[in-house]
Structures are given as C-alpha cells and as structure tokens.
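Worksheet: one structure, shown below.
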Amino acid sequence: MGNIFAKKPKITDVDRAILSLKTQRRKLGQYQQQLDTVIEAEKQAARNLIREKKKERALLALKKKKVQEELLQKVDAWLINVEQQLADIELASKQKAVFESLKAGNNAIKAIQSEINLDDVQKLMDDTAEAKAYQDEINAILGEKLSAEDEEEVLAEFENLEAQITVQDLPEVPASALSPEEENLVLPDVPTKTPVASNVGADLVEDARAGVPEKRKVLEEPLPA
C-alpha cells in the first residue's frame, strides 16, 4: 500500500532523448542482422546459379548483394552516430552532476564563512598570542637557575640520600658466623710474664759480648760420653 502513493521520479527531456537513442540503437542492430542475412542469402544464390550456368541471374544476385552491402555500411555509420550521441549525453550528464556538486560545495563554504566574523577571528588570535606570551613568561620564571647556596643544598641532599641508599643496599651480617664446634673450642690463656731465655742462649749472648768466637766455643765444649 505504501508503494502506491510513492512519488514517481520526474521524467526529463534528457531521459526521453536517451530512451529514443537507445531504441534507435536497438532497431539499427536488428536491421544489421537482417542485412547480413540477406547478403549471405544473395551470395549463396549466386554460387548456386553459377553452378547451374545461369550467368545473368547470378550477376543479378551479386548486384542485389552489393546494394545490401552498401546499405549495411550506411546502417553502420548511423549506429556509430547514435553511440557517439549517447556517449556525449552521458558525459554531459556527468559534467552537470560535477557542476552541481561544486556549486553546492561553494554555497556551503559561503554559508560557513558568513557565520564567521573577522573581528572575532582577530580577537581570538590576539587572545591566543597573549596566552602564549603569558605561558612563556611562566616558563621563563620556572626555568631560572638556582643560586650557589641552593646548588650546595641540593648537592648535600643528594649525597645524604646516596649514603642512605648505599647503607640500605649492604648485605646483612649474620649474628654468629662460627659453627657450634668453633664456639666451644678452648684456647690457651694469654701469658702474663715475660719469657726467660734458656742457659745456652744466655751463654751465647755472654760470649758474644766477651768477643769469643762461636766456632771456638763449640770446640771447647766437651763431647758427650
């Protein structure tokens, strides 16, 4: 039911011209086929008449064939013209569509531009430049170099943090690195008196002070029994 009241597309003069040309192209194509059939029939008739030795009738068939061939050439030319005109109409239709699209685009640009005020654009640019200058000033203030005293404080804080991190990264020392056997080992007491040299050592020291050679002292000692 909805399709009954649908609005039909409007048929233009261009549509009618295209339809007429396509109709003529179809009819000319059919006419070409008929002429081809007649030409082939006349040609076959001429062959048969030649076999029957009927020269006059054979020549007549060939003349009719020649007339049909000339007519076929004219039909071919007409068909070419129709095809060319159809192509021109199609090209013109595309050109018109492109022109309408460009026209619509131009109107859209004008409509958008009409909504933009040049004074507002200039004000926006000025505000943007002012905001940028203000931000550059803030960046310049924040980017100023620190004083020598501030530099020293920063360096001292850095060294303090570095020392803390170094201490934290050191491995933990175990509470007892000795085994139970080593811990129960009994060591001798440390001597509290000065050690005394033996008699032989004392005699050697005395002889050295008296100037007696060590070799002679050895010879004078009695041999063991």
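So the mapping is simple: our numbering equals the position in the sequence shown, first residue as 1, plus 1247.
By construction, the Cβ of each residue, glycine as well, lies at the ideal position given by its N, Cα and C atoms.
Being a predicted model, the structure only gives us computed values, none of them experimental.
- One thing to note: I1336 has its Cβ within 8 angstroms of the Cβ of I1265.
- L1282 and K1341 have their alpha carbons spaced roughly 36 angstroms apart.
- Here the alpha carbons of K1302 and E1289 stand approximately 14 angstroms from one another.
- Counting C-beta atoms within 10 angstroms of its own C-beta, K1312 has 16 or more neighbours from the protein chains shown and is therefore classed as buried.
- About 5 angstroms separates the CB atoms of R1272 and V1329; that is less than 8 angstroms, so the two are in contact.
- Going by C-alpha positions, T1375 is about 11 angstroms away from V1368.
- Residues of the same chain with their beta carbon placed closer than 6 angstroms to that of F1405 are lacking, with the five preceding and five following residues left out of the count.
- For T1413, the uninterrupted alpha helix (DSSP H) segment begins and ends at A1395 to D1416.
- Counting the other CB atoms within 10 Å of its CB gives A1395 a total below 16, which places it among the exposed residues.
- Distance between Q1277 and L1319, taken at the CA atoms: about 11 angstroms.
- Counted as a single uninterrupted DSSP element, the alpha helix (DSSP H) harbouring I1265 occupies residues D1260 to R1298.
- Only exposed fits Q1280, as fewer than 16 other CB atoms lie within 10 angstroms of its CB.
- Under the DSSP assignment, K1257 falls outside any alpha helix (DSSP H); it carries neither an H nor an E label.
- In this structure, the CA atom of A1305 is about 15 angstroms from the CA atom of V1314.
- The three-state secondary structure of K1301, taken from DSSP, is coil.
- One Cα belongs to Q1332, the other to T1270, and the distance between them is close to 13 angstroms.
- Annotation: the continuous alpha helix (DSSP H) that includes N1386 extends over L1365 to L1389.
- In this structure, DSSP gives E1330 a helical state, which the three-state scheme calls helix.
- Under the three-state reduction of DSSP, E1347 is assigned to helix.
- For E1317 against I1286, the beta-carbon gap comes to about 10 angstroms, at or over 8 angstroms, which does not count as contact.
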